[in-house]
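Student: Our numbering numbers the first residue of the sequence shown as 3 and each following residue consecutively.
All residues carry an ideal CB built from backbone N, CA and C; glycine is no exception.
Source: prediction; values computed, not measured.
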Amino acid sequence: MICFGPIPSRRLGKSLGINNICDKKICTYSCVYCQVGAKQRYSIERELFYEPKQIYMEVESHLGKLNTNDIPDFLTFVANGEPTLDKNLGESIQLLKKFSIPIAVITNGSLLYNADVRAELAQADWVSVKCDTANQRIWSKLNRPISKLNFNTMCSGMLSFANQYRGTLVTETMLVDEVNDHAIALERTACQVYGLSPSIAYLSIPTRPPAVSTVKPSTPEAINEAYQIFDKRGLNTELILGFEGTDTGYTGNAAEDILNICAVHPIREDTMRELLAKNNSDYSVLYKLIEEDKVVELEFDSKKFYLRKH
Ligand code: SF4
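1. Whose C-alpha, out of 183, 204, 257, 229, is nearest the C-alpha of residue 218?
2. Can you give the Cα-Cα distance for residue 308 and residue 205, rounded to whole angstroms?
3. Skipping 5 residues on each side, what residues in its chain have a beta carbon closer than 8 Å to that of residue 222?
4. Between the C-alpha atoms of residue 3 and residue 59, what's the straight-line distance to the nearest angstrom?
5. Shorter than 7 Å, the distance from the beta carbon of residue 22 to the closest heavy atom of the ligand SF4, or not?
6. How would you write the range of the beta strand (DSSP E) that residue 57 sits in, first residue to last?
7. Please list the terminal residues of the continuous alpha helix (DSSP H) segment that includes residue 79.
8. Taking the DSSP output, what are the residues bridged to residue 49?
9. Can you name, in chain order, every residue of its own chain whose Cβ lies under 7 Å from the Cβ of residue 284, other than the five neighbours on each side?
10. If you follow the beta strand (DSSP E) that residue 204 is in, where does it begin and where does it stop?
11. In whole angstroms, what separates the C-alpha of residue 49 from that of residue 22?
12. For residue 250, collect the residues of the same chain with a Cβ closer than 7 Å to its Cβ; drop the 5 residues on either side in sequence, then sort them by chain order.
13. Name the one or two DSSP bridge partners that residue 176 has.
14. Helix, strand or coil: how does DSSP classify residue 239 here?
15. Is residue 34 helix, strand or coil by DSSP?
16. Can you give me the start and stop residues for the alpha helix (DSSP H) that residue 161 sits inside?
17. For residue 78 versus residue 57, is the C-beta spacing smaller than 8 Å?
18. Buried or exposed: where does residue 2 fall if 16 or more other Cβ atoms within 10 Å of its Cβ makes it buried?
19. For residue 289, does the count of other Cβ atoms within 10 angstroms reach 16, so buried, or fall short, so exposed?
20. One question on the structure: do residue 124 and residue 166 come within less than 8 Å of each other, judged by their Cβ atoms?
21. Which one of 115, 87, 72, 61 has the shortest CA to CA distance from residue 105?
22. Which residue wins for smallest C-alpha separation from residue 16, given the options 71, 255, 243, 75?
23. Tell me the rounded alpha-carbon separation between residue 70 and residue 20.
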C-alpha cells in the first residue's frame, strides 16, 4: 500500500503518509532504534520503485474516500526505508503538487551530498532531516550506515541543502541511552544542528520496539540536559516523547496544561508557578501528577524542571 492515514502528527497536523519504497525496508542506514524492523536491504544507489503516476493515482483515490474533516494538512513521504533512494521522488512531488496540499519529506539526510537529491527535495514544502550526532564513531554505532557512505561528505551535503532550501527545514535528533546522549556529544550535535538553521530542532526518543532489543530511550535527566544544551545554543527546540502535546498556554485546566506543555518543553519552576497561578490552581495539581508518575521533577543548573514521564 502506498498511502496510509491521515495520522495525527504534532509536527504536521493531519498527515497522509506516502510510502514510496516498495516491499521490505531499503535504507542507507540500519539505525539501532529503527521501528521499521531489523530486516532490510542496504543500498546507496537510487532506483526506480513506483511510477509517479501510480503514486498520484493512489493519493487521488485515497483522498476521494476521506471525509472533509479528514483532508490532510500534509502529504508526507515517510517511507519503508529512505525516501530519497527513490529516483522518481522529484517527479512524484511535482505531480502531487496538483492537490494543493503541502508536501513533507522525512529523510535521514544521508544522500544530500547528491545534487539531484537536493534539487528534488527542495521542491517539498517541509523537510525533516535526521541529525542524531556530529560524532563519526557514534554515527557508525547508532545509525550503522552502509560502508560506502562517508561521514564528512554526508555532513557537508546536509549543510549545502540547508543553505539552498527555501521551505521549512526541521531536524530530528533521536536520543538513545548511553549512545548519543552524554553532554560532550550533545554539545557537538547542537553545534551541527545550529549550522543547519532549522526552524525547529526536535529531540525524540524511541517509543516503539527498536531493531536492536537492547536499545533504550534516554533517561528524563538526559532528555532535559539535551534540551537545555540545544536551547542554550539558540535552537528553537521541541521534545517529541510520544505524546501529542499541544502547548496550549493556559486553558483553565492546570493538569492538562502541564501535561501538554511538558511533553514539548521541560517547564522551569518559575514558569510552573506562573502557569498554576494563571489557572487559579496550586501545587497540589503538580504533586498529584508526580505521584501518578506522569511528570518527573529534575534538577539542572541548580534549577528545578518538570518533564513529562515517558
Ligand atoms: S534511517 Fe530511518 S528507516 Fe533507515 S534505518 Fe534509520 S530509522 Fe530506519
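Tutor: Reading off the structure:
1. Answer by Cα proximity: 183.
2. Approximately 16 Å between the Cα atoms of the pair.
3. Correct list, in chain order: 298, 300, 309, 311, 312.
4. Each residue's Cα considered, the two are about 12 Å apart.
5. For residue 22, the shortest C-beta to heavy atom distance toward the ligand SF4 is 7 Å or greater.
6. No beta strand (DSSP E) contains residue 57, which is instead part of the alpha helix (DSSP H) from 54–67.
7. Element bounds for residue 79: not the alpha helix (DSSP H) but the beta strand (DSSP E), 76–79.
8. Answer by DSSP bridge pairing, in chain order: 88.
9. Closer than 7 Å at the Cβ level, and outside the excluded window around residue 284, lie 278.
10. Run containing residue 204: 202–206, per the beta strand (DSSP E) assignment.
11. When rounded, the distance between both Cα atoms is 11 Å.
12. Unreliable positioning characterises residue 250 in this predicted model, as indicated by a pLDDT of 49, which lies under 50. A coordinate reading is not provided.
13. Residue 176 has 206 as its beta-bridge partners, per DSSP.
14. In this structure, residue 239 counts as strand in the three-state DSSP scheme.
15. Coil at residue 34, not helix or strand.
16. Where residue 161 is concerned, the enclosing alpha helix (DSSP H) starts and stops at 153–166.
17. It is not a contact, given that the beta carbons lie outside the stated cut-off.
18. Since the displayed the chain opens at 3 and closes at 312, residue 2 lies outside it and no answer follows.
19. Only exposed fits residue 289, as fewer than 16 other CB atoms lie within 10 angstroms of its CB.
20. Result yes, Cβ atoms of residue 124 and residue 166 sit closer than 8 Å.
21. The residue with the shortest Cα to Cα distance from residue 105 is 61.
22. Closest option to residue 16, Cα to Cα, is 75.
23. Cα-Cα distance, rounded: 19 Å.
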